[in-house]
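K.L.:
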Amino acid sequence: MEPIAGEQKKRVCYFFDSDIGGFHYGPGHPMKPTRIRMCHSLVMNYGLYKKMEIFRAKPATKREMTQFHSDDYVEFLNRITPSNMNSFMREQHKYNVGDDCPVFDGLFDYCSISAGGSMEGAARLSRDKCDIAVNWAGGLHHAKKSEASGFCYVNDIVLGILELLRYHNRVLYIDIDVHHGDGVEEAFYTTDRVMTVSFHKYGEYFPGTGELRDVGVMKGKYYALNFPMRDGISDENYKSVFEPVIRQVMESYDPSAIVLQCGTDSLSGDKLGCLNLSMKGHANCVKFVKSFNKPLLLLGGGGYTMRNVSRAWAYETGLAAGVELGPEIPVNEYYEYFGPDYQLDVKSSNADDLNTPAYLNRVKRIVMDNLRHMGGPPSVQMSDVPSLPIDAVMDDPNEDEDLIPPDTRRPRRLLDSRRQADGELSDSDDEGEGGRRNHSKHKDPDSIAEKPGRKKLGGMGIMTTASAPTHGAGPSAHTTVARILSNGPPPAGPSSMDDSEKKSESGNGDSEPMSVDTPST
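Residue numbers (the working numbering): 711 to 1231.
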């Protein structure tokens, strides 16, 4: 990790629930929640946990979901399972559940985790407990009030925005998924308190909405912006339209909070996407939106090539925390997924860009004209903040802390919420940062850095006998094993240890040395 020069320091809250990776849409389905656990594995092994607070959000309840969704629909999601789904055939057809949105084990729990992270992230932003909240399990932008759509069942984005609207006059929603953010746009199509801006592929493509002329109706007219794109857009062309449009939106609308849906199916090589963004091109949108220094809610979304999804979201988590991740992927539980190069970057392909400069300039001109019709930021009448159950959680998140026995280990929740202060060092955590590692190459077993006059100690592997106290110090076991394998088996015959080494091995003269039974080779 390298700190980004000139970057203003931000307080980041990162939401992750380890249960999210255990859900499965079914065989052959492109949506794989495991991608969120892959991203988290990169986040942890890059050391980003030192730069931000990590939370496991309280899953959203049925009552919280019904702030947007209909009671009947939420009850249906809560009751249906693979074992009883044949009893709900009429409801499945009514709520569009069955094909793109299958019934799977734990469906309601999956929706609760996704929505809970976005709602609690929004609540923390509203109460100034952080500057940026991150929930990669969220961003399910297709779900409607009483209908599942496009792999999405509960629209966590709408629930998060509703939470932000309790404290913020105006909220800006930006969508960089390859698909149009139709569920969010539809929810706020008639209001001027939320402005939706979507950059997406349009033309014989799911969900078929998001035309340039769709600008909102009634009070919300000109508060919905759509930028339709063609196949294969490059980083340069995307940046040439994204930055000027968003800059003009910020000037004209002046939101007090921003929600950014970071769907990664706009990356090059996505299984369902058809754009051609690199990881850096996608992350540039995050960096640009962050530069406005507004409360920012970062959410996930689409993305169906798992190795690229986790790469992009881990890199963007680093940008949120003010650091740039190194190019080499650290060893993690999903390391083999990132072969053969094990590099973080996702590069653009040589696909043709069908977005000509003339087309992009024409669309950009129309979008800018729509912005001028808006006539400045709308005013909002002051009112009391309505009370909700999440308020009690936010007011005292550690209310049970006094009940924990003082002699027991601190719960994981408290440990995850700690941040490492700049300049704080720990030999166990920070080895390898800032040139603090013993400079040896792990690929070369003979490359061992030694200082002049220093005696080289033997390794402390499990198959070796120790000649010094072993309490965590010394080179790691893999170095020892590599050295043993490269040098071959030791020669037979008496040991060449001197008397002092024998004495230290046995501990004292009276006791007998410990014997270890080793398997015959």
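The C-beta atom is built at its ideal place from N, Cα and C for all residues, glycine as well.
Looking only at C-alpha atoms, which of R837, A967, K929 and C972 sits nearest to T900?
P.N.:
Closest by alpha carbon: K929.
K.L.:
Just the Cα atoms here: how many angstroms apart are Y1047 and K931?
P.N.:
Roughly 46 Å separates the two Cα atoms.
K.L.:
With DSSP as the reference, identify every bridge partner of M939, one or two as the case may be.
P.N.:
DSSP lists K911 as partners of M939.
K.L.:
How is the alpha helix (DSSP H) around D781 delimited, first residue to last?
P.N.:
D781 -> alpha helix (DSSP H) spans D781 to R789.
K.L.:
Report the rounded CA-to-CA distance for N1255 versus G918, giving the unit in angstroms.
P.N.:
Summary: the structure shown does not reach residue 1255, with the chain confined to residues 711 through 1231, and so no result is reported for it.
K.L.:
Could you check the C-alpha separation between H750 and G1085 for me, to the nearest Å?
P.N.:
Near 43 Å, if we compare the C-alpha coordinates of G1085 and H750.
K.L.:
Tell me T906's beta-bridge partners as DSSP assigns them.
P.N.:
For T906, which the question treats as bridged, DSSP gives the partners Y883 and A934.
K.L.:
Write down the C-beta distance between L977 and N1018 rounded to the nearest angstrom, noting that I regard them as a contact closer than 8 Å.
P.N.:
At roughly 5 Å, the Cβ-Cβ gap stays under 8 Å, so L977 and N1018 are in contact.
K.L.:
Would you list, in sequence order, the uninterrupted beta strand (DSSP E) runs of no fewer than 3 residues that lie entirely inside the stretch 994-1069?
P.N.:
Taking only runs of at least 3 residues, the beta strand (DSSP E) segments lying wholly in the stretch 994-1069 are 1006-1009.
K.L.:
My output table needs one value for Y756: the three-state DSSP class, helix, strand or coil.
P.N.:
In this structure, Y756 counts as coil in the three-state DSSP scheme.
K.L.:
Spatial neighbours of F818 within its chain, please: C-beta separation below 7 Å, excluding the five flanking residues on both sides.
P.N.:
So the list reads L787 and N788, once near-sequence residues are dropped.
K.L.:
Span of the beta strand (DSSP E) holding A967?
P.N.:
Note, A967: beta strand (DSSP E), A967 to Q971.
K.L.:
Taking only the alpha-carbon atoms, compute the straight-line gap between E946 and Y1025 and give it to the nearest angstrom.
P.N.:
Distance between the alpha carbons of E946 and Y1025 is about 19 Å.
K.L.:
Would you call the CB atoms of G870 and A897 closer than 7 Å?
P.N.:
It is not a contact, given that the beta carbons lie outside the stated cut-off.
K.L.:
Would you kindly check if the distance between the Cβ of V784 and the Cβ of A700 is under 7 Å?
P.N.:
The chain is shown only over 711 to 1231; residue 700 falls outside these bounds and no answer can be derived.
K.L.:
Just curious, the beta strand (DSSP E) that Y724 is in, first and last residue?
P.N.:
Y724 -> beta strand (DSSP E) spans V722 to F725.
K.L.:
Which same chain residues end up closer than 8 Å to A1022 when comparing Cβ atoms and leaving out the 5 residues on each side of it in sequence?
P.N.:
So the list reads C972, T974, L977, M989, H992, A993, G1013 and V1056, once near-sequence residues are dropped.
K.L.:
Please list, in chain order, all residues of the same chain as F916 whose beta carbon is under 8 Å from its beta carbon, the five residues on each side excluded.
P.N.:
Around F916: G860 and H889.
K.L.:
If we cut at 7 Å on Cβ distances, does H992 have a partner in chain D?
P.N.:
Annotation note: the requested chain D is absent from the structure, which comprises a single protein chain.
K.L.:
Among residues of its own chain, excluding the 5 on either side of K772, which ones have a beta-carbon nearer than 8 Å to its beta-carbon?
P.N.:
Around K772: V784, E785 and N788.
K.L.:
Count the other CB atoms, across all protein chains shown, that sit within 10 Å of the CB of S728; report buried if there are 16 or more and exposed otherwise.
P.N.:
Exposed, because fewer than 16 other Cβ atoms sit within 10 Å of the Cβ of S728.
K.L.:
From V722 to S797, what distance separates their C-alpha atoms?
P.N.:
Going from the Cα of V722 to the Cα of S797 covers about 45 Å.
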